[in-house]
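Chains as they are written, first to last, in the working numbering: chain A, 0 to 427; chain B, 0 to 427. Everything on this sheet refers to the single structure shown next.
There are 2 protein chains.
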Amino acid sequence: MRYASRNTDYLPKAFYNIKADLPSPPKPPLHPGTKEPIKPEDLEVIFPKGFIRQEGVTAREVPIPGPVLEAYSVFRPTPLVEATALRKHLDTPARIFYKYEGVGPVGSHKTNTAIMQAYLAAEEGVTTLATETGAGQWGSALAYAGSRFGIETKVFMVRSSFRQKPGRRVLIEMFGGTVLESPSPTTEAGRKFFEKDPEHPGSLGIAISEAVELTVKNPGIKYALGSVLDSVLMHQTVIGLEAEKQMEEMGAVPDTVIGCVGGGSNFAGLAFPFVRHNLGGSRRTRFIAVEPDACPSLTRGELRYDFGDSVGMTPLLYMHTLGMEFVPPPLHAGGLRYHGMAPLVSHLTAMGIVEPRAIDQKTVFDAAVLFMKTEGILPAPESSHAIAVAIDEALKAKAEGKERVILFNLSGHGFLDISAYNGKAGSF
Amino acid sequence: MRYASRNTDYLPKAFYNIKADLPSPPKPPLHPGTKEPIKPEDLEVIFPKGFIRQEGVTAREVPIPGPVLEAYSVFRPTPLVEATALRKHLDTPARIFYKYEGVGPVGSHKTNTAIMQAYLAAEEGVTTLATETGAGQWGSALAYAGSRFGIETKVFMVRSSFRQKPGRRVLIEMFGGTVLESPSPTTEAGRKFFEKDPEHPGSLGIAISEAVELTVKNPGIKYALGSVLDSVLMHQTVIGLEAEKQMEEMGAVPDTVIGCVGGGSNFAGLAFPFVRHNLGGSRRTRFIAVEPDACPSLTRGELRYDFGDSVGMTPLLYMHTLGMEFVPPPLHAGGLRYHGMAPLVSHLTAMGIVEPRAIDQKTVFDAAVLFMKTEGILPAPESSHAIAVAIDEALKAKAEGKERVILFNLSGHGFLDISAYNGKAGSF
Numbered sequence: 000m001r002y003a004s005r006n007t008d009y010l011p012k013a014f015y016n017i018k019a020d021l022p023s024p025p026k027p028p029l030h031p032g033t034k035e036p037i038k039p040e041d042l043e044v045i046f047p048k049g050f051i052r053q054e055g056v057t058a059r060e061v062p063i064p065g066p067v068l069e070a071y072s073v074f075r076p077t078p079l080v081e082a083t084a085l086r087k088h089l090d091t092p093a094r095i096f097y098k099y100e101g102v103g104p105v106g107s108h109k110t111n112t113a114i115m116q117a118y119l120a121a122e123e124g125v126t127t128l129a130t131e132t133g134a135g136q137w138g139s140a141l142a143y144a145g146s147r148f149g150i151e152t153k154v155f156m157v158r159s160s161f162r163q164k165p166g167r168r169v170l171i172e173m174f175g176g177t178v179l180e181s182p183s184p185t186t187e188a189g190r191k192f193f194e195k196d197p198e199h200p201g202s203l204g205i206a207i208s209e210a211v212e213l214t215v216k217n218p219g220i221k222y223a224l225g226s227v228l229d230s231v232l233m234h235q236t237v238i239g240l241e242a243e244k245q246m247e248e249m250g251a252v253p254d255t256v257i258g259c260v261g262g263g264s265n266f267a268g269l270a271f272p273f274v275r276h277n278l279g280g281s282r283r284t285r286f287i288a289v290e291p292d293a294c295p296s297l298t299r300g301e302l303r304y305d306f307g308d309s310v311g312m313t314p315l316l317y318m319h320t321l322g323m324e325f326v327p328p329p330l331h332a333g334g335l336r337y338h339g340m341a342p343l344v345s346h347l348t349a350m351g352i353v354e355p356r357a358i359d360q361k362t363v364f365d366a367a368v369l370f371m372k373t374e375g376i377l378p379a380p381e382s383s384h385a386i387a388v389a390i391d392e393a394l395k396a397k398a399e400g401k402e403r404v405i406l407f408n409l410s411g412h413g414f415l416d417i418s419a420y421n422g423k424a425g426s427f
Numbered sequence: 000m001r002y003a004s005r006n007t008d009y010l011p012k013a014f015y016n017i018k019a020d021l022p023s024p025p026k027p028p029l030h031p032g033t034k035e036p037i038k039p040e041d042l043e044v045i046f047p048k049g050f051i052r053q054e055g056v057t058a059r060e061v062p063i064p065g066p067v068l069e070a071y072s073v074f075r076p077t078p079l080v081e082a083t084a085l086r087k088h089l090d091t092p093a094r095i096f097y098k099y100e101g102v103g104p105v106g107s108h109k110t111n112t113a114i115m116q117a118y119l120a121a122e123e124g125v126t127t128l129a130t131e132t133g134a135g136q137w138g139s140a141l142a143y144a145g146s147r148f149g150i151e152t153k154v155f156m157v158r159s160s161f162r163q164k165p166g167r168r169v170l171i172e173m174f175g176g177t178v179l180e181s182p183s184p185t186t187e188a189g190r191k192f193f194e195k196d197p198e199h200p201g202s203l204g205i206a207i208s209e210a211v212e213l214t215v216k217n218p219g220i221k222y223a224l225g226s227v228l229d230s231v232l233m234h235q236t237v238i239g240l241e242a243e244k245q246m247e248e249m250g251a252v253p254d255t256v257i258g259c260v261g262g263g264s265n266f267a268g269l270a271f272p273f274v275r276h277n278l279g280g281s282r283r284t285r286f287i288a289v290e291p292d293a294c295p296s297l298t299r300g301e302l303r304y305d306f307g308d309s310v311g312m313t314p315l316l317y318m319h320t321l322g323m324e325f326v327p328p329p330l331h332a333g334g335l336r337y338h339g340m341a342p343l344v345s346h347l348t349a350m351g352i353v354e355p356r357a358i359d360q361k362t363v364f365d366a367a368v369l370f371m372k373t374e375g376i377l378p379a380p381e382s383s384h385a386i387a388v389a390i391d392e393a394l395k396a397k398a399e400g401k402e403r404v405i406l407f408n409l410s411g412h413g414f415l416d417i418s419a420y421n422g423k424a425g426s427f
């Protein structure tokens, strides 16, 4: 293994806003009632005003506030690692690099936007944030960030993950957050599903409906979303901005950038700062967004307006979607169980810049175990989707005898997903 | 936070053998039958020959074999971090540093000696290693190392930890290891306790007896121990040797070095390379070994010959001991539930170089939660003993208005101990 340094100077002072560089903008979100482009003030019942401003920002560089930078500096810059042991095992001419976001406090990239959103909420006196979470990465990240900025969090956790991953509930509670199993009987949206089946596995869409309902009905509560929206993706660009400098230190420029996609934020966070050069015409880097074949919004969904939740309470987003009614099967990669896709990732896919790919759970776990055995890091099942495709690309390079530079996002560790690895034995 | 670099050059090419620098040697291990100093050949029924040679080595520097260095390079050098956020929170003039061993494949320092022991065993054709494990750190480390060098592992896991920490069982099995709950009905030693109480919580001493019995009765099996013995401590000196170089990079020399002690190996691994300068007379660094007050071998045990296990099968070691019959209460820091202490740590304590300290579980968890909230790393309950004393020392420095440099070993992360944190809420 070769580790790039975690030089404090690599931490960017501004987010990168890809919208400033797009030749044409994505279609705007629509008001769920009027079906007209939504106005910032329409969003105020849901989001903190500072967050709404971030969502509408047009500048290319958006400054990161001082207290947010200070919070980032606890774990950022995150490591950039050259996977020399994996490369040796695969016997490939391709160099493989990964940006490792698992060193964050709750073990995933989600903390990047959580800290920014908690800061923006605290700035205007919001005392409680409501949200949803799949496998718990986002919920625990928001609870951590909330605790840091004096904000209480209420987290609707998708039931299938709540049952599979009790560890992340403990983390949320450690930071003073409250966890509700979703679908819950505490909201109208939740009751629709809960009353039919109290063991309903839930979905991110349903949990979003519950959190949004709680927000709309309580003026003291605002809502925070962990992915999908433009500004959430923008907050994650700290990943790619750091990676770019660290790759330079390692003397390499990636020709292929890979990330897993659920809502799209970790992929976007790594990729967008590199996409910038494609948009500027100076490079032709490939960008591969990897999703589970059990929830294939980007590869098999339609590109159209749809609701972000399962009940129809959110604005309509123009995105690849499997339909708001789609409930993905329980899946270890709980963070990828979402019916839609970030509008910006959908837009870049439609432009042909992002290549979507769907893979099956067995391939994912095989990749995860091989990665653990060579690189010594137990990956999250979500992140393992990116590993699987990185391995696939490295083996293609071998078949073609081509030197290549592959960079992927290892968005989180899998120690809190350990039950998912039960029975997945093997040897070197 | 400030991170020292993980420069490949910092990985030492040789272990540091403190025995070469001691003014007088510790008393030798005795044969359990004859009570005479044990001869290397007496140990051959238990240990691989290469391991026995390491145990008797007298050179100051013991070369690390190439394949072991290659295995280390997957995760070593480990990070050395200046805890600037914790310091700020404590408002102390003391600078606080920690060496973070949690980045290893199974999340603790145990991999350092596991890799060396698996290598030595494989070198002479051993196919199976038996061992015991408390919280599972050592068992999972040996299973990982075994998998790497083609060796099968059989792990007797202390029942109280087996029940509390199922995650580490999954890790062991992921690397092809077999896990037996101890006391088990499969050995004579285990049956003594199992038949009286099938729910007996177990102890490291009992689990050692079981593993040693299995070894003695099966010529194809050798035994590996995760702590206590001189060479095991020596293998851990990679921690302190790296830390010394990284501290130099950070422009600091520690005046206080802290580690938790169960058997003593992570403490020794960090401390011994620094103790060297005290022995040479050039420094007067303080060394604090921290143990749980529920298992206070160093602070309340007697310094005398005792068995390493609970049945009397191992050689007699001259060490601080609570008595081989002592069964510590179930405790989240399962890795510290051992009745004895490494002879070398006992020796340095008797010499007045090592200060022992015992602390209670509540203090430990308060320190752990504060560390998580400031430094963003969830520590293992074992390692949190070191954190608690580092905080205590930093606050003393504050009370005295003294600039100090404190270095402690963060020997592992706590994500697989997450159940221990259930209900431990708080806020920043």
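Backbone N, C-alpha and C define an ideal beta-carbon position, used for all residues, glycine too. Quick caveat: nothing in here was measured; it's all calculated off a predicted structure.
Subject >> Member of Lys397(B), Pro380(B) and Gln235(B) whose CA lies at the smallest distance from the CA of Asn421(B) >> reply: Ranking Lys397(B), Pro380(B) and Gln235(B) by Cα distance to Asn421(B) puts Pro380(B) first.
Subject >> Start-to-end residues for the beta strand (DSSP E) that takes in Val404(B) >> reply: Residues Val404 to Leu409.
**OP:** Could you work out which residue in His384(A), Ala396(A) and Thr298(A) is closest to Val353(A) when comparing CA atoms only?
**Re:** When each option's Cα is compared against that of Val353(A), the closest is Thr298(A).
Subject >> Straight-line Cα distance separating Asp292(B) from Arg282(B) >> reply: Between Arg282(B) and Asp292(B), the C-alpha separation is close to 30 Å.
**OP:** Tell me whether the beta-carbon of Gly333(B) lies closer than 8 Å to the beta-carbon of Gly307(B).
**Re:** The Cβ-Cβ distance between Gly333(B) and Gly307(B) does not fall below 8 Å.
Subject >> Min CB distance Pro104(B) to chain A below 8 Å >> reply: Taking Cβ atoms only, chain A reaches closer than 8 Å to Pro104(B), which makes this a yes.
Subject >> Partners in chain A for Ala84(B), counting only beta-carbon separations shorter than 7 Å >> reply: Contact note: Ala84(B) reaches chain A through Val73, using a C-beta cutoff of 7 Å and chain order.
Subject >> Contact set between Leu415(A) and chain B, taken where Cβ atoms lie within less than 9 Å >> reply: Ordered by position in chain B, the residues that pass the 9 Å Cβ test against Leu415(A) are Gly166, Phe414, Leu415 and Ile417.
Subject >> Residue-level contact to chain B via CB, Met371(A), 8 Å cutoff >> reply: Yes, Met371(A) counts as interfacial toward chain B.
**OP:** Tell whether a beta-carbon distance below 8 Å holds between Glu209(A) and Ser183(A).
**Re:** Going by C-beta atoms, Glu209(A) is nearer than 8 Å to Ser183(A).
Subject >> Residues of its chain near Leu284(B), where Cβ-Cβ distance is below 8 Å and the 5 sequence neighbours each way are ignored >> reply: Per the sequence shown, residue 284(B) should be read as Thr rather than Leu. For Thr284(B), where only same-chain residues beyond five positions count, the Cβ hits under 8 Å are Pro253, Asp254, Thr255, Val256, Phe273, Val274, His276 and Asn277.
Original post:
Roughly how many angstroms separate the alpha carbons of Tyr71(A) and Val289(B), rounded to a whole number?
Top reply: Cα to Cα, the separation comes out at about 31 Å.
Original post:
For Met323(A), which residues in chain B fall below 7 Å Cβ to Cβ?
Top reply: Those within 7 Å of Met323(A) in chain B number zero; the least Cβ separation is about 34 Å.
Original post:
Thinking C-beta only, is Arg1(B) closer than 8 Å to Thr83(B)?
Top reply: A contact, by the Cβ cut-off of 8 Å.
**OP:** Go through its chain and collect everything with a Cβ distance to Ile17(B)'s Cβ below 6 Å, but skip five positions before and after it.
**Re:** The residues are Phe271.
**OP:** Using a Cβ-Cβ cut-off of less than 8 Å, give me the residues of the region 377-406 of chain A that come near chain B, in sequence order.
**Re:** Taken in chain order, the members of the region 377-406 of chain A whose beta-carbon sits within less than 8 Å of a beta-carbon on chain B are Leu377.
Original post:
From Leu409(B) to Gly258(B), what does the alpha carbon distance come to, in whole angstroms?
Top reply: Using only the alpha carbons, I get a separation of about 8 Å.
Original post:
By how many angstroms is the C-alpha of Gly413(A) removed from the C-alpha of Arg86(A)?
Top reply: Answer to the nearest angstrom: the Cα atoms are 21 Å apart.
Subject >> Bridge partner(s) assigned by DSSP for Arg1(A) >> reply: Within the DSSP secondary-structure output, Arg1(A) pairs in a beta bridge with Glu81(A).
Original post:
Do you know offhand how far Tyr143(A)'s Cα is from Lys98(B)'s?
Top reply: Taking the straight line from one Cα to the other gives about 24 Å.
**OP:** Answer with buried or exposed for Glu198(A), where buried requires no fewer than 16 other C-beta atoms within 10 angstroms of its C-beta.
**Re:** When all chains shown are included, Glu198(A) counts as exposed.
**OP:** Take Ile63(B) as the anchor and find which of Val326(B), Glu100(B), Pro355(B) and Ile114(B) has the nearest alpha-carbon.
**Re:** For the residues Val326(B), Glu100(B), Pro355(B) and Ile114(B), the minimum Cα distance to Ile63(B) belongs to Ile114(B).
Original post:
Does any C-beta atom of chain B lie closer than 8 Å to the C-beta of Gly375(A)?
Top reply: Yes, its Cβ sits closer than 8 Å to a Cβ of chain B.
Original post:
From this set, Val105(A), Arg75(A) and Met312(A), which residue's C-alpha is nearest Arg168(A)'s C-alpha?
Top reply: For Arg168(A), the closest C-alpha among the options Val105(A), Arg75(A) and Met312(A) is that of Val105(A).
**OP:** Could you tell me whether any Cβ in chain B is nearer than 8 Å to the Cβ of Lys423(A)?
**Re:** Yes, its Cβ sits closer than 8 Å to a Cβ of chain B.
Original post:
Who does Ser181(A) pair with in a DSSP beta bridge?
Top reply: Beta-bridge pairing links Ser181(A) to Val157(A).
**OP:** Please state whether DSSP places Ile95(B) in a helix, a strand or coil.
**Re:** Ile95(B) falls in the strand class under three-state DSSP.
Subject >> Straight-line Cα distance separating Ile376(A) from Gly101(B) >> reply: Rounded to the nearest angstrom, the two C-alpha atoms are 11 Å apart.
Subject >> Closest residue to Asn265(A) among Gln245(A), Leu10(A) and Leu240(A) (Cα-Cα distance) >> reply: For Asn265(A), the nearest C-alpha among the options comes from Leu240(A).
**OP:** Reducing DSSP to helix, strand and coil, say where Ile287(B) ends up.
**Re:** Correct three-state label for Ile287(B): strand.
Subject >> is_contact[Ala134(A), chain B] using C-beta, thresh 8 Å >> reply: When Cβ-Cβ separations below 8 Å define contact, Ala134(A) makes no contact with chain B.
Original post:
What are the start and end residues of the beta strand (DSSP E) that includes Ala357(A)?
Top reply: Looking at the DSSP string, the run of the beta strand (DSSP E) that includes Ala357(A) is Val353 to Ile358.
Original post:
Got a sec: is the Cβ-Cβ distance from Arg5(A) to anything in chain B below 8 Å?
Top reply: Yes, Arg5(A) counts as interfacial toward chain B.
**OP:** With 8 Å as the threshold, decide whether the Cβ of Ser146(A) is near any Cβ in chain B.
**Re:** Answer yes: the Cβ-Cβ gap between Ser146(A) and chain B drops below 8 Å somewhere.
**OP:** With 8 Å as the limit, tell me which residues of the region 168-190 of chain B have their beta carbon closer than that to any beta carbon of chain A; keep them in chain order.
**Re:** Those would be Val169, Leu170, Glu172, Met173, Phe174 and Gly175, in chain order.
**OP:** Answer yes or no: does any C-beta atom of chain B fall closer than 8 Å to that of Arg1(A)?
**Re:** Closer than 8 Å to some Cβ of chain B, the Cβ of Arg1(A) qualifies, so yes.
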